[in-house]
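In what follows, a single structure is set out as structure tokens and then discussed.
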Amino acid sequence: TTEIYTLSLHDALPICALFQELFSKCTGVICSSGNETIWEAVSRGVPVLTIPSPGNGEQMLNAVSHAANHPLLVRGCRKLRMRDVRWIAGFEHSEVTRQESRTLRTRVAALESTGSEGLAQLVRGAGTREAEGSKAEKA
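What follows is the structure in structure tokens.
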């Protein structure tokens with residue numbers, strides 16, 4: 265059955281609880297390429313098929329970066345295709361997909377405990393890895 269909710273500012277906590285409850289039952293998500301839903305899904309190990317809104321550069325970047333960072337759980341595409349629907353409908357977890365989700369949760373927990381300094385270290389580390397990669401390519 266479909267329930268209709270009239271929302272007000274005071275409804276935020278119950279709606280968050282409902283969101284968490286419903287998300288825990290998801291076996292796959294098809295969504296636009298905003299960050300929040302993709303992060304929520306990947307952190308729970310739920311596969312995501314993400315389609316950026318046409319002409320939205322931020323969403324295009326999100327789709328590419330999430331698919332690159334979580335290649336087993338996120339598939340970005342320009343438009344909905346049957347093969348992508350089959351991928352998400354037939355998705356089967358493995359230890360590798362579970363590990364991809366655990367890795368994200370571990371990184372988020374580390375950032376939450378260290379705050380902005382942890383984020384700065386993560387960014388510096390990414391910059392170092394990129395520099396090392398370009399050095400290796402030149403060699």
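Be aware that the sequence shown starts at 265, since it is given in my numbering, and climbs by one per residue. Even for Gly, the Cβ is constructed at its ideal location relative to N, Cα and C. Keep in mind it's a predicted model, so treat the numbers as computed, not measured.
For the segment 303-333, list the beta strand (DSSP E) runs that are entirely contained and at least 3 residues long, ordered along the chain. Taking only runs of at least 3 residues, the beta strand (DSSP E) segments lying wholly in the segment 303-333 are 312-314.
Could you give the DSSP three-state label for residue 345: helix, strand or coil? coil
Quickly, what does DSSP pair residue 340 with across the bridge? List them, please. 314
Please state the DSSP three-state secondary structure of residue 403. Caution applies to residue 403, whose pLDDT of 47 falls short of 50 and renders its modelled position unreliable; the value that the coordinates give is listed next. Here residue 403 sits in coil by DSSP.
Is residue 348 closer than 8 angstroms to residue 325 when the C-beta atoms are compared? Between residue 325 and residue 348, the gap from beta carbon to beta carbon reaches 8 angstroms or more.
Rounded to a whole number of angstroms, what is the C-alpha to C-alpha distance between residue 289 and residue 310? Their Cα atoms are separated by approximately 10 angstroms.
Give the secondary structure of residue 280 by DSSP, where H, G and I count as helix, E and B as strand, and everything else as coil. In the structure shown, residue 280 sits in a helix (DSSP, three-state: H, G or I).
So residue 302 and residue 344 are in contact, right, with Cβ under 8 angstroms, and what is the actual spacing, rounded? At roughly 16 angstroms, the Cβ-Cβ gap does not stay under 8 angstroms, so residue 302 and residue 344 are not in contact.
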